[in-house]
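Structure, as structure tokens:
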Amino acid sequence: MNHAQKGFTLIELMIVVAIIGILAAIAIPQYQDYIARSQITRAVSEVSALKTAIEEELLRGNNPSAIDDASASYTSAADELGYTSSDLFAAAPTINIDGTGGKTLEATLDNNVSSGIKGTKVILTRTAEGAYTCKVDGGSAAAFKKSFAPSGCPAS
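Per the working numbering: the sequence shown = residues 215 to 370.
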């Protein structure tokens, strides 16, 4: 009598499980890096949105009232400029002014970000001439990699 085999043997199932395990060991860290990169890129984009509001105020001949004091840092200035709160940051970006008319926008990733990049700072610096530079500072982030920074905004 011939009995047709139904199902899989134990060794076949073990091989499939091993293959899935190997693929997962490669894919999960790559996915976590992808998420971290996308969150930093989103943060740069959200902070960059304030550049337009600052430039509009400066072209009108104004400094937003909350950032007139050249010796202070204000979180409320971002709100005054129309900043919409983000779930990536613990607070609105701070805007600092130096005595020469330069401005620095700085936001720290904190809330809903990958645990390895908490504490990463996105820093946009405006010179008195109006040119902006961008950098990503992963200083206090546990697992920050320079490759997480988007092009045009290098890691320091």
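Note that beta-carbon positions come from the ideal geometry of N, C-alpha and C, so glycine has one too.
Q.
Less than 8 angstroms between the C-beta atoms of Gly316 and Thr347, yes or no?
A. No; because the gap between Cβ atoms is not below 8 angstroms, this pair is not in contact.
Q. For Val327 versus Val258, is the C-beta spacing smaller than 8 angstroms?
A. 8 angstroms or more divides the Cβ of Val327 from the Cβ of Val258.
Q) According to the neighbour-count rule (16 or more other Cβ atoms, all chains shown, within 10 Å of its Cβ), is Ile234 buried or exposed? A) That one is exposed.
Q) Given that a residue counts as buried once 16 or more other Cβ atoms are within 10 Å of its Cβ, and exposed if not, what is Tyr245? A) With fewer than 16 other Cβ atoms within 10 Å, it is exposed.
**Q.** Supposed close pair Asn310, Thr318 - CB separation, criterion 8 angstroms
**A.** 4 angstroms between Cβ atoms; contact.
Q: Note down, in chain order, each residue of its chain lying with its Cβ closer than 7 angstroms to the Cβ of Leu264, except the 5 sequence neighbours on either side.
A: Only Ala292, Leu295, Tyr297, Pro307 and Leu319 meet the Cβ criterion.
Q) Grouping DSSP H, G and I as helix and E and B as strand, with all else coil, what is Val303? A) The sequence shown places Phe at residue 303, rather than the Val named in the question. For Phe303, the secondary structure class from DSSP, reduced to helix, strand or coil, is strand.
Q) Can you give the beta carbon distance from Gly330 to Ala355, rounded, assuming they're within the 8 angstroms contact cut? A) About 6 angstroms; that satisfies the 8 angstroms criterion.
Q) Around the Cβ of Leu338, are there at least 16 other Cβ atoms within 10 angstroms (buried) or fewer (exposed)? A) Under this definition Leu338 is a buried residue.
Q: Would you give the residue range spanned by the beta strand (DSSP E) that Glu320 belongs to?
A: It spans Lys317 to Thr322 - the beta strand (DSSP E) in which Glu320 sits, taken as one unbroken run.
Q: Please report the residue range of the alpha helix (DSSP H) in which Thr266 lies.
A: Where Thr266 is concerned, the enclosing alpha helix (DSSP H) stretches over Leu224 to Leu273.
**Q.** Through-space distance from Asp351 to Ala357, alpha-carbon basis
**A.** Whole-angstrom Cα-Cα distance: 12 angstroms.
**Q.** Element boundaries [beta strand (DSSP E), containing Thr334]
**A.** In the DSSP annotation of this structure, Thr334 is not part of any beta strand (DSSP E), being labelled neither H nor E.
Q. Using DSSP with H/G/I as helix, E/B as strand and the rest coil, what is Lys349?
A. Strand.
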